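Taking it in order: structure first as structure tokens, then the write-up.
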Amino acid sequence: MTSPAPLPRWLGVSLLLLIAVSFASNHVAARLAFDHGANVATAVAVRSMGAALFVLALLAQARVALRMSAPTLRRAMGIGLLVAIQSLCLYSAVARIPVALALLAFNTFPLMLGLISWAAGGERPSRRAFVAMPIALVGLAVALDVAGLAGAAASAPESMGVGVAFALGGAAAFASALYLTTRWLGSTDGRLRTLVLMLVVTTVAIGAGALGGRFDWPGDAIGWTALAALTVLYSSAITALFVLLPRLGAVNNAAVMNFEPIAALFLGWVVLDQHVAAIQIAGALVVIGAIVMLTTGRR
610 MTSPAPLPRW LGVSLLLLIA VSFASNHVAA RLAFDHGANV ATAVAVRSMG AALFVLALLA
670 QARVALRMSA PTLRRAMGIG LLVAIQSLCL YSAVARIPVA LALLAFNTFP LMLGLISWAA
730 GGERPSRRAF VAMPIALVGL AVALDVAGLA GAAASAPESM GVGVAFALGG AAAFASALYL
790 TTRWLGSTDG RLRTLVLMLV VTTVAIGAGA LGGRFDWPGD AIGWTALAAL TVLYSSAITA
850 LFVLLPRLGA VNNAAVMNFE PIAALFLGWV VLDQHVAAIQ IAGALVVIGA IVMLTTGRR
């Protein structure tokens with residue numbers, strides 16, 4: 610079977626930027642839904658079920674058999690649990706602090722992935738990585754206003770600390786999921802793997818909502834619209850990314866996708882009236898530059 614022809618670089622980059630904006634919009638819509646009555650468990654469950662239905666439609670169209678060996682299924686379910694933790698943590702961060710800052714803290718997962726791989730006996734990080742990591746941490750500290758230089762522009766210290774902890778916890782869970790996916794599920798059909806992961810995330814989110822006694826739906830039309838929007842945005846973005854992946858050619862996915870916090874910064878300001886200080890924006894740019902430096906170097 611002939612592989613699809615790679616897309617021109619300019620088109621691949623443009624489409625990835627559009628997908629990054631869709632992911633950022635999904636998180637902005639999630640914060641809007643939270644502000645109008647929905648809670649984290651509700652948003653994660655609805656979003657993940659929507660994504661599962663999107664991927665199921667792709668599988669049905671391609672007539673891919675919904676079969677997976679028992680050992681592979683168990684491993685996929687374990688990875689799905691990590692993705693569920695990531696989803697719940699990231700949305701919990703979005704519910705507490707400005708969306709752009711939550712995504713910025715979460716986007717440290719490439720750094721964590723490199724360290725996890727190294728700790729598990731993988732290749733030692735390159736010299737470029739050892740330069741990029743401390744630069745990213747310094748930029749993150751500035752963006753999150755650890756020193757209190759942004760003053761009133763930042764969130765309350767208590768909520769900022771909790772939100773950042775959730776975002777970093779989500780990043781650690783996601784990095785672990787990526788590492789185990791490459792080790793355990795590399796030969797599994799990506800669509801089937803994604804379907805299992807999304808079903809596990811949905812189940813965990815419903816269970817978390819039921820056990821916590823807080824499975825809340827939006828209280829007004831704005832909240833319902835935001836909940837529907839975040840579901841459509843996330844499902845379409847992750848599906849588009851999957852469909853385009855074989856045709857992206859030499860485009861570096863990780864570097865381009867780091868546009869997401871920048872898009873969230875603008876969208877959060879326009880839609881949610883979330884303001885951050887100029888020094889925090891500078892810190893965000895430092896973090897993104899460091900991650901791009903890390904992800905575009907030679908392996």
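Residues in the sequence shown are numbered from 610 upward in steps of one, following our numbering. Ideal placement from N, C-alpha and C gives every residue a C-beta, glycine not left out. Predicted model only: the values in this text are computed from it and were never measured.
- DSSP places residue 644 inside the alpha helix (DSSP H), whose first and last residues are 618 to 644.
- Cβ neighbours of residue 782 within its own chain (closer than 7 angstroms, five residues either side excluded): 691, 694, 695 and 698.
- Residue environment: residue 722 is assigned as buried (16 or more neighbouring CB atoms within 10 Å of its CB, all protein chains considered).
- Between the C-alpha atoms of residue 876 and residue 712 there is a straight-line separation of about 13 angstroms.
- Out of 822, 643, 774 and 792, the CA that lies nearest to the CA of residue 717 is found in 774.
- Linking residue 627 to residue 824 through their CA atoms gives a straight-line distance of about 32 angstroms.
- Between residue 643 and residue 704, the C-beta gap is smaller than 7 angstroms, which places the two residues in contact.
- Here the alpha carbons of residue 878 and residue 631 stand approximately 16 angstroms from one another.
- Taking a cut-off of 8 angstroms on C-beta distances, the segment 632 to 642 touches the segment 829 to 847, as three or more cross pairs fall below it.
- Along the length of the segment 871 to 908, whole alpha helix (DSSP H) runs at least 4 residues long occupy 887 to 904, reported in chain order.
- Take the alpha-carbon of residue 768 and the one of residue 616: they are about 43 angstroms apart.
- Exposed is the label assigned to residue 680, since fewer than 16 other Cβ atoms lie within 10 Å of its Cβ.
- Taking 8 angstroms as the upper bound for CB-CB distance, residue 725 and residue 788 are in contact here, some 5 angstroms apart.
- Between residue 751 and residue 892, the gap from beta carbon to beta carbon is short of 7 angstroms.
- The segment 802 to 815 makes contact with the segment 652 to 661; the number of CB pairs closer than 8 angstroms reaches 3 or more.
- Measuring C-alpha to C-alpha distances from residue 895 to each of 747, 785, 809 and 817 identifies 747 as the nearest.
- Leaving aside the five residues that flank residue 817 on each side, the residues in its chain whose CB is nearer than 6 angstroms to its CB run, in chain order, 650.
- Around the beta-carbon of residue 813, 16 or more other beta-carbon atoms lie within 10 Å, marking it buried.
- Apart from sequence neighbours up to five positions away, the residues of its chain that approach residue 729 with a beta-carbon distance below 8 angstroms are 788, ordered along the chain.
- The beta strand (DSSP E) runs lying completely inside the segment 805 to 845 and spanning 3 residues or more number zero.
- Residue environment: residue 869 is assigned as buried (16 or more neighbouring CB atoms within 10 Å of its CB, all protein chains considered).
- Going by beta carbons, residue 903 and residue 741 fall inside the 7 angstroms limit.
- For residue 677, no alpha helix (DSSP H) segment is defined, and its DSSP state is neither H nor E.
- The C-beta distance from residue 714 to residue 780 rounds to 7 angstroms, short enough to fall under 8 angstroms.
- Contact between residue 881 and residue 656 is ruled out by a C-beta separation of about 18 angstroms, above the 8 angstroms threshold.
- With at least 16 other beta carbons inside 10 angstroms of its own, residue 720 counts as buried.
- With 16 or more other Cβ atoms inside 10 Å of its own Cβ, residue 827 counts as buried.
- In the displayed model, residue 796 falls within coil according to three-state DSSP, outside both helix and strand.
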